[in-house]
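First up is the structure itself, then whatever we jot down about it.
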């Protein structure tokens, strides 16, 4: 399908194609000579994929992204959109995402020049779990519906009375399969065994079904949190290991939180369980830079193929070098990094949107890999190239206030 993307689709050429297919025109556009064209609901499709005219790409992307399920990084979004459409280029996706405030505000720290040695994984079913705290004040002016626990109907009257008080925080139980990156998150208002154990069982059963790995072959890694009932897990036939920290689940926690808050800011729903489902769907659709596939696609591939790609850059000599393009003084505008490594452990969370300055600054001059920005010499890693925000998207978000 790569060849069809070489054609330039405009409203004029799309109209001509539809007229030809209806028999109202004799001139056949070149792309119809090599690709099967059909009309479905008044829209042109080529080889079963929707054709998006150049003039409508931005509106198409805005509608697609703000439904809440499309991944919000350039490559992952393009990969997903390109499955069912033609006429939307990777550059168009990149240009659009760069101007979306709710995405740019929660950008993580830029990759540095060195990576860590990474552990190899060869089988599905190595599940890393953790409990993530959510503080509702971090939602800012966003309001969710009454924070109701999933097991509300089964509580005693005393528990219900206590639970209906205003709460300041809740929790997400998170689980990720190390090999495929398949992720599971579910909200819980409380973190005692009664609720977390039930969610954990559902998570392990779900993972077992999706990965096609029996429960007794699952291996679960978690920290020593008292909310986890290891003895009960072992009765289910699951092997358990307590680790000080798992980088695998920590990375997915960060990605999930960032996506959750971005989707919440889209104001599509105020129901926390629906928001969680949207965030999980988006997380599992996001293509991996290692496997070049999304987690839900890794499920369809053989274990051997996924492991081969996963381990290609792991083990001895692993760790990729990252380069950011040079900034152009007098032209580029950037945001400045405010939170650095020494501050992260105390107050940093990607979803809070405090990593980068809200204000944009012009790049004044360049000295090697450092730049004068706002009167100070800063390294390229501390500067985030940023476009002006998309006002039409801001209007869409404002319209969802009601």
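Numbering (the working numbering), first residue to last: -12 to 389.
Virtual Cβ for every residue (Gly too), placed ideally from N, Cα, C.
If we count the other Cβ atoms within 10 Å of its Cβ and call it buried at 16 or more, is residue 322 buried or exposed? Locating residue 322 in the chain shown gives position 335, where the first residue counts as 1. That one is buried.
Report back the beta-carbon spacing between residue 353 and residue 49 to the nearest angstrom; my notes put them in contact at under 8 angstroms. Locating residue 353 in the chain shown gives position 366, where the first residue counts as 1. Locating residue 49 in the chain shown gives position 62, where the first residue counts as 1. Wrong, their Cβ atoms sit about 35 angstroms apart, outside the cutoff.
Pair every Cβ in the stretch 279 to 297 with every Cβ in the stretch 338 to 348, then say whether three or more of these pairs are closer than 8 angstroms. no
Within the stretch 146 to 196, ranges of the beta strand (DSSP E) (whole runs, at least 3 residues): 156 to 164 and 170 to 175
Closest to residue 223 by C-alpha separation, out of 18, 11 and 187, would be which residue? For this step, residue 223 is matched to residue 236 along the chain shown. With distances taken between Cα atoms, residue 223 lies closest to 187.
In three-state terms, what does DSSP make of residue 275? Taking the first residue of the chain shown as 1, we reach residue 275 at position 288. In this structure, residue 275 counts as coil in the three-state DSSP scheme.
Per DSSP, residue 206 is paired with what? In the chain shown, the residue the question calls residue 206 occupies position 219. In the DSSP output, where bridge partners are listed per residue, residue 206 has 113 and 226.
Output the distance between the C-alpha atoms of residue 373 and residue 347, rounded to the nearest integer angstrom. As a first step, residue 373 is located in the chain shown; it is residue number 386 there, counting from the start. As a first step, residue 347 is located in the chain shown; it is residue number 360 there, counting from the start. Between residue 373 and residue 347, the C-alpha separation is close to 7 angstroms.
Residue -6 versus residue 281: straight-line alpha-carbon distance, rounded: To locate residue -6, count along the chain shown from 1; it is residue 7. To locate residue 281, count along the chain shown from 1; it is residue 294. Distance between the alpha carbons of residue -6 and residue 281: 27 angstroms.
With residue 53 as the anchor, note down where its beta strand (DSSP E) starts and where it stops. For the purposes of this step, residue 53 is taken as residue 66 along the chain shown, with counting starting at 1. Premise fails: residue 53 is in no beta strand (DSSP E) and is neither H nor E.
Considering only C-alpha positions, which residue in the set 106, 45, 117 and 244 is nearest to residue 212? Locating residue 212 in the chain shown gives position 225, counting from the first residue. Of the candidates 106, 45, 117 and 244, the one whose C-alpha sits nearest the C-alpha of residue 212 is 117.
Segments assigned beta strand (DSSP E), at least 3 residues, entirely inside the stretch 3 to 46: 24 to 27, 30 to 33 and 36 to 38
8 angstroms contact criterion, which residue 381 and residue 88 should meet: CB distance rounded: By 1-based counting over the chain shown, the position of residue 381 is 394. By 1-based counting over the chain shown, the position of residue 88 is 101. That pair is a contact at about 7 angstroms.
Going by alpha carbons, who is nearest to residue 215 out of 195, 80, 178 and 247? Here residue 215 refers to the residue found at position 228 of the chain shown. Out of 195, 80, 178 and 247, 178 has the C-alpha closest to the C-alpha of residue 215.
Span of the beta strand (DSSP E) holding residue 213? For the purposes of this step, residue 213 is identified with residue 226 of the chain shown, where counting begins at 1. Neither: residue 213 is in no beta strand (DSSP E) and is coded neither H nor E.
Can you look up residue 352 in the DSSP assignment and give me helix, strand or coil? Translated into positions along the chain shown, residue 352 becomes position 365. In this structure, residue 352 counts as strand in the three-state DSSP scheme.
Just verifying my parser: in three-state terms, what is the DSSP assignment at residue 345? For the purposes of this step, residue 345 is taken as residue 358 along the chain shown, with counting starting at 1. DSSP places residue 345 in coil when its eight states are reduced to three.
Endpoints, alpha helix (DSSP H) assigned at residue 236: For the purposes of this step, residue 236 is identified with residue 249 of the chain shown, where counting begins at 1. Start and end: 234 to 252.
Could you pull the start and end residues of the alpha helix (DSSP H) that residue -5 belongs to? As a working note, residue -5 is residue 8 in the chain shown. It is not in any alpha helix (DSSP H) - residue -5 carries neither H nor E in the DSSP assignment.
Report the rounded CA-to-CA distance for residue 81 versus residue 58, giving the unit in angstroms. To locate residue 81, count along the chain shown from 1; it is residue 94. To locate residue 58, count along the chain shown from 1; it is residue 71. Roughly 12 angstroms separates the two Cα atoms.
Does the count of Cβ pairs from the stretch 258 to 270 and the stretch 161 to 174 closer than 8 angstroms reach three? yes
Is the beta carbon of residue 72 closer than 8 angstroms to that of residue 41? Within the chain shown, residue 41 is the residue found at index 54, counting from 1. Within the chain shown, residue 72 is the residue found at index 85, counting from 1. No, they are not a contact pair.
Whole-Å CB distance - residue 194 paired with residue 225, under 8 angstroms assumed: If you number the chain shown from 1, residue 194 lands on position 207. If you number the chain shown from 1, residue 225 lands on position 238. So it is not a contact: roughly 10 angstroms between Cβ atoms.
Using a Cβ distance threshold of 8 angstroms, determine whether the stretch 226 to 245 contacts the stretch 156 to 163, with at least three qualifying pairs required. yes
For residue 283, which three-state DSSP category applies? On the chain shown, position 296 is the one that residue 283 refers to. Note: residue 283 maps to helix in three-state DSSP.
Per DSSP, the bridge partner or partners of residue 357: Residue mapping note: residue 357 aligns to position 370 of the chain shown, counting from 1. BP columns for residue 357 point to 354 and 366.
Along the chain, where does the beta strand (DSSP E) that runs through residue 320 open and close? Within the chain shown, the letter at position 333 stands for residue 320. Counting along the chain, the beta strand (DSSP E) containing residue 320 begins and ends at 320 to 323.
When the Cα of residue 383 is compared with those of 7, 261, 51 and 35, which residue comes out closest? Here residue 383 refers to the residue found at position 396 when the chain shown is read from its first residue. It is 51 whose Cα lies nearest to the Cα of residue 383.
Simplified DSSP assignment, three categories, for residue 93: Here the question's residue 93 lines up with position 106 in the chain shown. Three-state DSSP puts residue 93 in coil, outside helix and strand.
Taking DSSP as the reference, what is the three-state secondary structure of residue 290? For the purposes of this step, residue 290 is taken as residue 303 along the chain shown, with counting starting at 1. Residue 290: helix per DSSP, three-state reduction.
Along the chain, where does the alpha helix (DSSP H) that runs through residue 66 open and close? Counting from one through the chain shown, the residue named residue 66 turns up at place 79. From DSSP, the alpha helix (DSSP H) with residue 66 extends over 61 to 68.
Excluding sequence positions up to five away, which residues of its chain have a Cβ less than 8 angstroms from the Cβ of residue 314? Here residue 314 corresponds to residue number 327 of the chain shown, with the count starting at 1. Excluding residues within five positions, the ones whose Cβ falls inside 8 angstroms are 321, 350, 353, 358, 367, 370 and 372.
Backbone CA spacing between residue 86 and residue 377 [nearest angstrom]: For the purposes of this step, residue 86 is taken as residue 99 along the chain shown, with counting starting at 1. For the purposes of this step, residue 377 is taken as residue 390 along the chain shown, with counting starting at 1. Taking the straight line joining both Cα atoms gives about 5 angstroms.
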